[in-house]
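>
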Amino acid sequence: MSDIETISKHDSKSIELEIVSPVNDNFTSTANNFNGTVRDGMNGFHGPYRLYKRRFLGLFGMVVLNIVGGLSWPWFGPIANDMVSDFGITLDQVSWLGTIEACLYLPTALSIPYLYSRFGLRRCCDFGAAALVISAWIRYAGTVKSLSTNSSYALLMLGQCFAAIAQPIYQVLGPKYSENWFNLQGRTTATMIVAIANPVGSAIGQLLSPLVGGTRQSILVLGIISTAVIPFIFLVHSQPPTPPTYAASNPSASFSHLARDVIIGGRSHGAKMSRRQRFDFMIIAWIFGILVAATNTFSILTSQIMQPVGYSDDISGLMGACLLLTGLVAAIITAPLFDRVFTKHLAVSAKVLLPILGGGWLSLIWAVKPHNTGGLFAIMTILGVTSVTMLPVGLELASDLTRNAEGSSAILWFMGNLFNIVFVLVEDALRAPANADPPLNMRRGLIFNGVFVLASVLLIWLIKGEQVRKTLDEEKAAEGGGGGVVRSA
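Residue numbers are given in UniProt numbering: position 254 of the sequence shown equals residue 254, and the series is strictly consecutive.
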């Protein structure tokens with residue numbers, strides 16, 4: 001069969017269609033389904049673009065799986081003392097059940113773009129679901145009382161290793177799912193919904209683990225939840241028959257090409273990132289990593305920061321909940337605005353909000369003191385509103401700069417977890433001694449956190465933040481068949 005066919009476009013004009021050779025599994029498997037439209041090789045798909053209602057089912061599936069993927073990392077923190085007494089292990093060993101996930105997250109996140117290019121989005125999600133189930137029941141196998149202490153701990157640790165495979169899959173691929181299924185009026189909102197699902201899962205894990213019984217029963221409940229969500233994987237599909245935007249029709253460059261393009265330039269195919277775009281992406285990756293690390297570290301160390309100055313575990317927990325809940329509300333309100341009103345102003349929004357966020361973290365140096373509950377809750381509100389709002393903005397802006405949603409997302413989440421490990425270790429090392437006033441206070445850790453965050457977020461003023469992907473989508477939508485989007489069932 002010839003590589004060139006003649007088809008009829010919707011306006012009855014005769015045009016030529018180049019059949020793209022199957023070099024990528026992401027869209028070439030469905031290239032022949034783009035009926036009545038044009039796809040011209042590396043220039044992508046020219047419309048009319050389509051939206052499918054099933055995209056919301058897939059989004060719901062991604063959210064549920066991402067929530068459950070976030071349960072296991074903080075699960076053992078609230079029951080650490082009970083784990084010590086029931087399993088005969090140390091507090092340091094309990095801490096490593098969470099730390100091992102953060103460590104293994106790093107290589108896993110960087111491998112996901114390759115897995116996506118090789119197997120597609122749905123198959124990657126299948127891998128994540130399988131890892132969730134395996135991790136759950138390996139952990140539960142470690143609760144058998146006849147096992148030795150070392151054997152039980154080894155099984156618990158092995159289970160956490162499998163959980164570390166599942167968690168980054170749904171985080172990293174969230175922006176790619178949004179790109180594949182949503183148009184410009186919904187893409188940032190979809191990215192936001194998937195992105196905040198993981199911290200919601202972590203918060204649920206912290207609340208749920210001490211409430212469901214003893215340690216062994218708690219681990220069983222985690223296993224049941226991890227298994228029960230598996231059917232949600234069937235809601236997720238790799239891509240629609242017809243893409244919603246120009247960007248969705250173009251297979252991303254490989255992760256190695258992206259890394260080479262970011263570091264030294266010279267993408268071997270497709271649009272090349274300019275020096276300014278590479279510079280902007282590096283700054284965004286740095287700031288994103290620092291902010292994710294600061295928030296996660298504060299969540300981990302909240303009680304250790306607040307208890308020395310007189311706040312109970314309940315109040316400390318409420319402060320963490322305040323940060324998350326106010327952030328969720330703000331993100332739900334602002335994400336549609338970024339999609340429909342401030343569509344070309346992601347960088348400007350970041351330049352306004354990030355200095356406020358940096359000031360909030362710096363203010364904790366003086367705000368963490370006795371009898372300042374109201375002030376601390378006000379700061380938690382500011383931190384929540386600004387930090388969670390910036391989460392989808394960072395992911396979308398990075399995708400716009402690189403034109404590689406899964407690759408840029410992998411780098412950003414890698415940076416977040418890398419800095420998270422560093423921040424936890426540094427702030428723990430900066431803890432005051434037992435003879436300090438007050439004993440074991442975290443003031444030096446707060447100084448490190450606040451100064452580092454503020455210095456980093458001010459770099460946002462150096463970026464231009466050109467949204468190349470969004471501009472191309474708008475241009476191609478205007479060119480292809482009248483520029484409209486056809487909504488399908």
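Don't be surprised by glycine CBs; every beta carbon is placed ideally from N, CA and C.
Return the residue from the list G374, S151, A129 that minimises the CA-CA distance to I89.
S151
> Pick out the complete alpha helix (DSSP H) segments inside the segment 260 to 313, 4 residues or longer, and give them in chain order.
275 to 306
> Taking the alpha-carbon of L323 as reference, which of V84, F414, T381 has the nearest alpha-carbon?
T381
> Taking one C-beta from the segment 104 to 116 and one from the segment 200 to 217 each time, how about it: are there three or more such pairs within less than 8 Å?
no
> Is the segment 455 to 475 touching the segment 339 to 358 in the sense that three or more CB pairs, one from each, lie closer than 8 Å?
Of all C-beta pairs linking the segment 339 to 358 to the segment 455 to 475, three or more are shorter than 8 Å, placing the two stretches in contact.
> For A378, tell me which candidate among L364, P370, V388 has the shortest Cα-Cα distance.
Selected option, being the one with the closest Cα: L364.
> Quick one: residues in its chain with C-beta nearer than 8 Å to the C-beta of H371, no 5 flanking neighbours on either side, listed in chain order?
G310
> Report the start-end ranges of each alpha helix (DSSP H) in the segment 326 to 412 that is 4 residues or longer and not cut off at the edges.
346 to 367, 373 to 402
> Within 10 angstroms of the Cβ of R276, are there 16 or more other Cβ atoms? Answer buried if so, exposed if not.
With fewer than 16 other Cβ atoms from the protein chains shown falling within 10 Å of its own Cβ, R276 counts as exposed.
> So I193 and G159 are supposed to be a Cβ contact under 8 Å. How far apart are they, rounded?
In fact, because the Cβ distance is near 28 Å, the residues do not count as touching under 8 Å.
> L425 by DSSP, collapsed to three states: which one?
helix
> Since R187 is in the alpha helix (DSSP H), which residue starts that stretch and which ends it?
Per DSSP, R187 belongs to the alpha helix (DSSP H) from 187 to 208.
> Three-state secondary structure (DSSP) at L51?
strand
> Assign A394 to one of two classes, buried (16 or more other C-beta atoms within 10 Å of its C-beta) or exposed (fewer than that).
Note that residue 394 is Gly in the sequence shown, not Ala. Buried, since its Cβ has 16 or more Cβ neighbours within 10 Å.
> Output needed for L235: all residues of its chain with C-beta closer than 7 Å, excluding positions within five of it in sequence on either side, in chain order.
L57, G58, F60, G61
> Using the C-alpha atoms, what's the distance from E479 back to L104?
45 Å
> Please identify the residue among L362, I421, Q185, D280 whose C-alpha is closest to the C-alpha of L454.
L362
> By the three-class DSSP mapping on this structure, what secondary structure does W73 have?
In the three-state reduction of the DSSP assignment, W73 falls in the coil class, being assigned neither a helical nor a strand state.
> Tell me the start and end of each unbroken beta strand (DSSP E) in the segment 97 to 159 that is at least 3 residues and wholly inside, in chain order.
Fully enclosed beta strand (DSSP E) runs of 3 or longer: not present.
> Buried or exposed: where does I333 fall if 16 or more other Cβ atoms within 10 Å of its Cβ makes it buried?
It counts as exposed.
> Among the candidates F419, A330, V94, S135, whose CA atom is the shortest distance from the CA of L222?
S135
> Could you give the first and the last residue of the continuous alpha helix (DSSP H) run that contains E474?
468 to 479
> Can you give me the start and stop residues for the alpha helix (DSSP H) that F182 sits inside?
It is not in any alpha helix (DSSP H) - F182 carries neither H nor E in the DSSP assignment.
> Within 10 angstroms of its Cβ, does L376 collect 16 or more other Cβ (buried), or is it exposed?
buried
> Compare the beta carbon distance of L97 and F76 with 8 Å and say whether it is the shorter of the two.
yes
> Drop a sphere of 10 angstroms on the beta-carbon of I411, count the other beta-carbons inside from all chains shown, and report buried for 16 or more, exposed for fewer.
buried
> Hey, I284 and L397 are a contact pair by Cβ (cut 8 Å); roughly how many whole angstroms apart?
Rounded, the Cβ-Cβ distance is 6 Å, consistent with contact.
> Less than 8 Å between the CB atoms is what I'm expecting for G407 and S252, so what's the real figure, rounded?
Indeed, because the Cβ distance is near 6 Å, the residues count as touching under 8 Å.
> Indicate the three-state DSSP secondary structure (helix, strand or coil) for V23 in the structure shown.
In this prediction, V23 has a pLDDT of 36, which is less than 50 and means its spatial position is unreliable; nothing more can be read from the coordinates.
> State the DSSP-derived secondary structure class of L418, mapped to helix, strand or coil.
helix
> To the nearest angstrom, how far is the alpha carbon of S409 from that of P240?
21 Å
> Looking at the secondary structure, which residues open and close the alpha helix (DSSP H) in which I224 lies?
215 to 228
> If you count every other CB in all the chains shown that lies within 10 Å of the CB of D92, and 16 or more means buried, which is it?
exposed
> Could you tell me the distance, in whole angstroms, from the CA atom of T295 to the CA atom of G358?
12 Å
> Considering just the uninterrupted stretch of the alpha helix (DSSP H) at D86, what are its terminal residues?
80 to 87
> Label W366 either buried or exposed according to how many other C-beta atoms from any shown protein chain fall within 10 Å of its C-beta, with 16 as the threshold for buried.
exposed
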